[in-house]
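Below is one structure, written out as structure tokens, with a few remarks after it.
2 protein chains.
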Amino acid sequence: MQSKVATITNGVDVTRLTETIAAVKATPELGKFQFRVENRWIDCGENHSEVQPFYAGGQEVPHKTDFTLVADEADILLGTDKGANPVEYLLHALAACVTTSMVYHAAGRGIAIDRVESSVEGDLDLRGFLDISPNVRNGYQNIRVKLRMKADVTDEQLRELSALGPIFSPVYDTITRGVRVAVSAERMS
Amino acid sequence: MQSKVATITNGVDVTRLTETIAAVKATPELGKFQFRVENRWIDCGENHSEVQPFYAGGQEVPHKTDFTLVADEADILLGTDKGANPVEYLLHALAACVTTSMVYHAAGRGIAIDRVESSVEGDLDLRGFLDISPNVRNGYQNIRVKLRMKADVTDEQLRELSALGPIFSPVYDTITRGVRVAVSAERMS
């Protein structure tokens, strides 16, 4: 009888991570994921998303609990400020993904990290959204992620660590390179 | 003495919307916004963002309350599933922004909407993130937004309504066209 010892680095079970990589290498279909949310408009700038079960390598995976994400706009943007607004959620998605990607890939390399914090800011010119100037884009013009890390590593390793997020993060890749978004609409009965 | 009557459509104060557009037209600096989050790693795939005050046309604007956004990964992705994961937050940001952009711009056109719901799904191949295949991107390969709407409009108006999100949404623009993300890192004391 074999016994398995989990190797945990940065909270990541590296034994399972290695097994996952081997499994997806052997059966590429296992790498196919589909994530989903269902959104419902409440009023004005308020709407809620319910995170759905996701498809992961051949199976539907429910989340442990329901996650309801509340979006709203602040008063200056005519809303009631019941939640972060969509462009703030985008910054959170980016910060979270860059952090997790770094933490997981550091674990895979056996590098222990003590702490990670980040400040993320994005510049947006409302003249795009308000249809005032066709030369101003609607979205973010620039985003900056400032990482702060505590780890027992050399300066060079610190630079290598901070590159892992941009190299591997799915949200960083999506946002920096862009992705096709198909929008369709139908009438509700 | 003048009295002002607020015109509300879709919950949006169209009088204030019109005044905002006029103000930003007259003083383009008022259109300059900066949104911010502060993220902190907890363990493994869990990290939290605190949404910060934002800069809006010359002033710092605090939110009414604190918004803490919890990201985590599901067990199959080695996490503890305490919150939606980063790529799910990205879908929420998109759904929320497309919806709000449509609702506000419909209000500006005097078009009342009764209900909006949307299903958003994104395809992601983990072979990118797991560094298994250099030909597979890390991020989303495709995203689909399926809107369902209830409004007393013609079919042509329905199509026009559903185009407002893609035309004006900041998150849609950011995700489809891409944006530069600068990442820097420093050692924490």
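Order-wise, the sequence lines are chains W and R.
Each residue of the first sequence is one higher than the last, beginning at 15 in this note's numbering.
Each residue of the second sequence is one higher than the last, beginning at 15 in this note's numbering.
Here a beta-carbon is modelled for each residue, glycine too, at the ideal position from N, C-alpha and C.
Here the structure is a predicted model, which means the values were calculated and not measured.
| For the 8 Å Cβ check, are there 3 or more pairs between the stretch 112-127 of chain W and the stretch 142-158 of chain W? | no
| field | Residue burial classification, N149(R) (beta-carbon count within 10 angstroms, cutoff 16) | value | exposed
| Since M163(W) is in the beta strand (DSSP E), which residue starts that stretch and which ends it? | 154-164
| Is it buried or exposed for P184(W), if we count other Cβ within 10 angstroms and need 16 for buried? | buried
| field | T188(W): contacting residues in chain R (beta-carbon distance under 7 Å) | value | L104, G153, Y154, I189
| task | If I'm right that L105(R) touches G136(R) with Cβ under 8 Å, what's the distance once you round it to whole angstroms? | result | 6 Å
| Roughly how far, in whole angstroms, is the beta-carbon of A107(W) from the beta-carbon of P100(R), given that I think they are within contact range, below 8 Å? | 5 Å
| query | Would the beta-carbon of R151(W) fall within 8 Å of that of E131(W)? | reply | no
| Hey, does D80(R) have any beta-carbon neighbour from chain W nearer than 8 Å? | no
| message | Could you check if P67(R) belongs to the surroundings of the ligand PLP, using beta carbon to heavy atom distance under 7 Å? | response | As far as ligands go, the structure on display features none, and thus does not contain the ligand PLP.
| Should I125(R) be flagged as near chain W, meaning a C-beta pair shorter than 8 Å? | no
| In the stretch 30-65 of chain W, which residue ranges form an unbroken beta strand (DSSP E) of at least 3 residues, counting only runs that do not cross its ends? | 46-57, 60-65
| message | Quick check: what's the CA-CA separation for A70(R) versus L44(R)? | response | 7 Å
| Under 9 Å (Cβ pairs) to chain W, residues found in the stretch 126-148 of chain R | I127, D128, R129, V130, E131, S132, S133, V134, E135, G136, D137, L138, D139, L140, R141, G142, F143, L144, D145, I146, S147
| said: Using 8 Å for Cβ pairs, my map puts V112(W) next to V159(W). What's the rounded Cβ distance? | reply: 6 Å
| field | Three CB pairs or more closer than 8 Å across the stretch 24-31 of chain R and the stretch 50-59 of chain W | value | yes
| task | Compare the Cα-Cα distances from F49(R) to each of H77(R), T190(R), L92(R) and report the closest residue. | result | H77(R)
| query | Taking the alpha carbon of L144(W) as the point to measure from, which residue in A165(R), D139(R), G179(R) has its own alpha carbon closest? | reply | G179(R)
| query | On the premise that G59(R) lies in contact with G93(R), defined as a C-beta separation below 8 Å, what is that separation, rounded to the nearest angstrom? | reply | 3 Å
| task | For E102(R), count neighbouring Cβ atoms within 10 angstroms of its own Cβ and tell me buried if that reaches 16, exposed if not. | result | buried
| query | How would you write the range of the alpha helix (DSSP H) that D11(R) sits in, first residue to last? | reply | In the structure as shown, chain R begins at 15 and stops at 203. Residue 11(R) is therefore absent and cannot be evaluated.
| Do you know whose CA, among D169(W), V195(W), V193(W), I146(W), lies nearest K46(R)'s CA? | I146(W)
| message | Measuring straight from C-alpha to C-alpha, what distance separates Q73(R) and S133(W)? | response | 19 Å
| task | Tell whether a beta-carbon distance below 8 Å holds between A98(R) and L83(W). | result | yes
| Could you give the residue range of the beta strand (DSSP E) that holds E135(R)? | 129-139
| The beta strand (DSSP E) with G197(R) in it runs from where to where? | The sequence shown places Val at residue 197(R), rather than the Gly named in the question. Run containing V197(R): 195-201, per the beta strand (DSSP E) assignment.
| field | CB contact flag (K164(R), M202(W), <8 Å) | value | yes
| field | Residue(s) in a DSSP beta bridge with V101(W) | value | DSSP, once it has assigned bridges, lists no residue as partnering V101(W).
| field | Contacts of E200(W) in chain R (Cβ-Cβ under 7 Å) | value | R162
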